[in-house]
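S.K.: Here the sequence shown is numbered in numbering that gives the first Met the number 0, starting from 0 and rising by one per residue. Cβ atoms here follow ideal geometry from the backbone N, Cα and C, with glycine treated the same way. Take a look at the following structure, please.
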Amino acid sequence: MLLLVIVVVVALLARLLGQFGAAPLRNWASATRVGLAVMFGVTGVAHFTRMRVDMVRMVPVGIPNPEFMVTFTGICELLGAIGLLVPRTRRVAAIALVVLLVAVLPANIHAALSSIPFQGSPAIPLVPRVAIQVVLIALLGWAGVLRPQGRFK
Numbered sequence: 000m001l002l003l004v005i006v007v008v009v010a011l012l013a014r015l016l017g018q019f020g021a022a023p024l025r026n027w028a029s030a031t032r033v034g035l036a037v038m039f040g041v042t043g044v045a046h047f048t049r050m051r052v053d054m055v056r057m058v059p060v061g062i063p064n065p066e067f068m069v070t071f072t073g074i075c076e077l078l079g080a081i082g083l084l085v086p087r088t089r090r091v092a093a094i095a096l097v098v099l100l101v102a103v104l105p106a107n108i109h110a111a112l113s114s115i116p117f118q119g120s121p122a123i124p125l126v127p128r129v130a131i132q133v134v135l136i137a138l139l140g141w142a143g144v145l146r147p148q149g150r151f152k
C-alpha cells in the first residue's frame, strides 16, 4: 500500500508544482510519471539496503540465484525510474517496467501465500498485493505508453 501512497502523494505534489509555474508538470500524465519514477527509485534502492534479506526470501524456490535476481530487479527498477523521466526512453522504460512487474508477480504471490514478513511487518495478503501491481501496470500503461509525448506531456 505504501507504494501507491508514494505514487499518489508525489504525483499530487508534482501536479501542484505544475499549477504554480513548472510548465512540464501541468498535466496528470507528467505528474504521474514523476510519482512512478520516485516510487520505482525508492523500491530500486531498497534492493540494496537491509530490506534486501527479506526480498531474497520472497524469491520462489526453483528460481536460480535469488541474490542475483534481487540485484538485477533493483537495477532494472532504478533504470526504469530514470527512463520514465527521459522523453526518448519514456515509452520503452514504461513497457520494461510493466514486464518487470509481471516477472516479479510470482515472487509477490509466493511472499503472500507463504506469509513472508517484510521488515518485521506481516505479509501483505494476496489480493491487495496483486491489486497494487495491477494499478501500477495500469498507471505505467497510461502515463508512459499511451501518454508519453512531449517533454513531460
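1. Please determine if the region 135-145 and the region 82-95 are in contact, where contact requires at least 3 C-beta pairs separated by less than 8 Å.
2. Do I115 and R56 have their beta-carbon atoms positioned less than 8 Å apart in this structure?
3. Which two residues bound the contiguous alpha helix (DSSP H) that contains W27?
4. Could you pull the DSSP bridge partners for F117 from this structure?
5. Using 8 Å as the Cβ pair cut-off and three pairs as the minimum, do the region 39-56 and the region 74-88 touch?
6. The alpha helix (DSSP H) spanning A80 covers which residue range?
7. Assign M68 to buried or exposed, taking buried as 16 or more other Cβ atoms, counted over all protein chains shown, within 10 Å of its Cβ.
8. Exposed or buried, what is T72 when buried is set at 16 or more other beta-carbons lying within 10 Å of its beta-carbon?
9. If you measure between the beta carbons of Q132 and M50, is that distance less than 8 Å?
10. Is L1 helix, strand or coil by DSSP?
11. Pick helix, strand or coil for G20, following the three-state DSSP scheme.
12. Which one of N107, S29, A130, L139 has the shortest CA to CA distance from D53?
13. Is the beta carbon of L139 closer than 8 Å to that of V97?
14. Using the C-alpha atoms, what's the distance from L1 back to A10?
15. Starting from R56 and walking both ways along the alpha helix (DSSP H), at which residues does that stretch end?
M.R.: Once the coordinates are examined:
1. Taking 8 Å as the limit for Cβ pairs, the verdict is that the region 82-95 does touch the region 135-145.
2. For the purposes of this step, residue 56 is taken as the residue at position 57 of the sequence shown. For the purposes of this step, residue 115 is taken as the residue at position 116 of the sequence shown. Annotated as proximal: R56 and I115, with beta-carbon spacing under 8 Å.
3. Start at 1 with the first residue of the sequence shown, and residue 27 comes out as number 28. In the DSSP assignment, W27 falls within the unbroken alpha helix (DSSP H) covering 27-45.
4. Taking the sequence shown and counting its residues from 1, one reaches residue 117 at position 118. DSSP lists S120 as partners of F117.
5. The region 39-56 vs the region 74-88: in contact.
6. Position 81 of the sequence shown holds residue 80. Its alpha helix (DSSP H) spans residues 65-84.
7. The count along the sequence shown starts at 1 and reaches residue 68 at position 69. The residue in question, M68, is buried, as its Cβ has 16 or more Cβ neighbours within 10 Å.
8. On the sequence shown, position 73 is the one that residue 72 refers to. With 16 or more Cβ atoms within 10 Å of its Cβ, T72 is classed as buried.
9. Taking the first residue of the sequence shown as position 1, residue 132 is located at position 133. Taking the first residue of the sequence shown as position 1, residue 50 is located at position 51. It is not a contact, given that the beta carbons lie outside the stated cut-off.
10. To locate residue 1, count along the sequence shown from 1; it is residue 2. Note: L1 maps to helix in three-state DSSP.
11. For the purposes of this step, residue 20 is taken as the residue at position 21 of the sequence shown. Looking at G20 - three-state DSSP - the assignment turns out to be coil, as it is neither helix nor strand.
12. Mapped onto the sequence shown, residue 53 falls at position 54. Answer by Cα proximity: N107.
13. Locating residue 97 in the sequence shown gives position 98, where the first residue counts as 1. Locating residue 139 in the sequence shown gives position 140, where the first residue counts as 1. Contact flag set, yes.
14. Along the sequence shown, read from residue 1 onward, the residue named residue 10 stands at position 11. Along the sequence shown, read from residue 1 onward, the residue named residue 1 stands at position 2. CA-CA distance, A10 to L1, rounds to 14 Å.
15. Here residue 56 is taken as the residue at index 57 of the sequence shown, counted from 1. That run of the alpha helix (DSSP H) goes 51-57.
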